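The numbering of the sequence shown is the working numbering, which starts it at 3 and goes up by one. Using N, Cα and C, we set each Cβ at its ideal position, and we do this for glycine too. The structure displayed is predicted, hence computed values, not measured ones. Structure record follows, encoded as structure tokens.
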Amino acid sequence: MSVVKPLQAAQAIPFIKRVKDQCPLVHCITNDVVQNFTANVLLAIGASPAMVIAEQEVTAFINVANSLLVNIGTINNNTAKSMLLAAAETQKNQLPWVLDPVAVGSALIYRSEIAHQLLLLKPTVVRGNASEILALSGQNSSSKGPDSQDSTESALNAANLLAQKYQTIIAITGDVDYVTDGHNTYSIAGGDINLTKVTGTGCSLSAMVAAFIAVSTDALLATASACYMMKRTGELANKQQGLGTYAVSLLDQLSLFGDSHQ
3 MSVVKPLQAA QAIPFIKRVK DQCPLVHCIT NDVVQNFTAN VLLAIGASPA
53 MVIAEQEVTA FINVANSLLV NIGTINNNTA KSMLLAAAET QKNQLPWVLD
103 PVAVGSALIY RSEIAHQLLL LKPTVVRGNA SEILALSGQN SSSKGPDSQD
153 STESALNAAN LLAQKYQTII AITGDVDYVT DGHNTYSIAG GDINLTKVTG
203 TGCSLSAMVA AFIAVSTDAL LATASACYMM KRTGELANKQ QGLGTYAVSL
253 LDQLSLFGDS HQ
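This is how it looks when you write it as structure tokens:
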């Protein structure tokens, strides 16, 4: 079992500032539902998004990007080919990349098979909810599509095993986030329930992780720092005027964070 340590703000802030200073280019092969919000989140934190999806282009674009996000939320035969080609190229070029295994599980066999093929291409980080991480590890899970019905604590052992098996970092996000390499684990508490009510916050967090690991050699702490930033800005965003205002305010807080907040 890994050692769990709460992440401190002082550990996260330098990573947040580094993204703004270096403006990494994140190649996003993500789902159709969240492309616009994901792009805006990346811009808000100081990164540069690119949604290059065609299989004829993904391999070439990997050579100019700083990191890759693969999100299987609205996967189909065409995007699956692009994902596998891009992930293989990142492995070849030793570029950091993130796998977001949206809604994997026994009820959705096709995406689960693709997710396991992608795991073999050595993602730097796998970011998912508890149900997705449990399903990836072959354990029973409860989910409603992309929404987890399991606690992050219940998936921590599975995360440790997955991290060790695939030599990767697993980030389980929920009420308390856990980020582990199978030996060391950071916990990140906080956040706000409204983060679960705005489409794309989890998917966008995966893109944030891709940006953070692009500018750091410490992928474990960089991933935990991205989770910290999303939780903290979720707390700071305006909750008084409904979810539409909250979503825009979240972008505002992400763009300001590190300048005036800790």
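Have a look at residue i and residue j and give me their C-alpha separation to the nearest angstrom.
i: Ala-224; j: Gln-141; result: 28 Å
i: Gln-242; j: Ala-52; result: 33 Å
i: Ala-239; j: Thr-247; result: 9 Å
i: Thr-198; j: Ser-208; result: 14 Å
i: Val-6; j: Gln-58; result: 43 Å
i: Ile-47; j: Leu-258; result: 8 Å
i: Gln-93; j: Met-232; result: 28 Å
i: Asn-65; j: Gln-96; result: 11 Å
i: Gly-176; j: Val-60; result: 31 Å
i: Ala-216; j: Asn-159; result: 27 Å
i: Ala-88; j: Phe-214; result: 19 Å
i: Ala-165; j: Val-200; result: 29 Å
i: Glu-91; j: Ala-221; result: 19 Å
Only counting the same chain, and skipping five residues up and downstream in sequence, which positions put a Cβ closer than 7 Å to that of residue i?
i: Thr-219; result: none
i: Ser-4; result: Asn-162, Thr-182, Gly-184, His-185, Asn-186 and Thr-187
i: Ser-206; result: Val-36, Phe-39, Thr-40 and Val-43
i: Gly-147; result: Confidence in Gly-147 is poor, its pLDDT being 47 and thus under 50, which makes the residue's placement unreliable; the coordinate value appears in the next sentence. The residues are Ala-105.
i: Val-127; result: Val-100, Thr-170, Ile-171, Ala-173, Val-211, Ile-215, Ala-221 and Thr-225
Write down the C-beta distance between residue i and residue j rounded to the nearest angstrom, noting that I regard them as a contact closer than 8 Å.
i: Ile-18; j: Gly-260; result: 4 Å
i: Tyr-230; j: Leu-86; result: About 31 Å; that fails the 8 Å criterion.
i: Ile-74; j: Val-104; result: 5 Å
i: Ser-50; j: Val-28; result: 7 Å
i: Ile-55; j: Ile-31; result: 6 Å
Spatial neighbours of residue i within its chain, please: CB distance less than 8 Å, with the 5 preceding and 5 following residues excluded, ordered by chain position.
i: Val-106; result: Ile-74, Arg-113, Ser-114, Ala-117, Gly-130, Glu-134, Ala-137 and Leu-138
i: Val-178; result: Thr-154, Glu-155, Ser-189, Ile-190 and Ala-191
i: Pro-125; result: Val-72, Ala-89, Trp-99, Val-100, Leu-101, Tyr-168 and Thr-170
Ignore the nearest five residues each way along the sequence and tell me which others in residue i's own chain have a CB closer than 6 Å to its CB.
i: Leu-121; result: Tyr-168
i: Ala-67; result: Leu-27 and His-29
i: Ala-82; result: Ile-116
What does residue i pair with, by DSSP beta-bridge criteria?
i: Ser-189; result: Pro-8 and Tyr-180
i: Asn-73; result: Asp-102
i: Ala-137; result: According to DSSP, Ala-137 bridges with nothing at all.
i: Ala-338; result: Because residue 338 is not part of the residues shown, which for the chain are 3 to 264, the question remains open.
i: Gly-107; result: Leu-110
Alpha helix (DSSP H) runs contained entirely in the region 109-135, provided each spans 4 or more residues: The qualifying runs are 111-121.
Those runs of the alpha helix (DSSP H) which lie wholly inside the region 26-54 and span at least 4 residues: Listed in chain order, they are 37-47.
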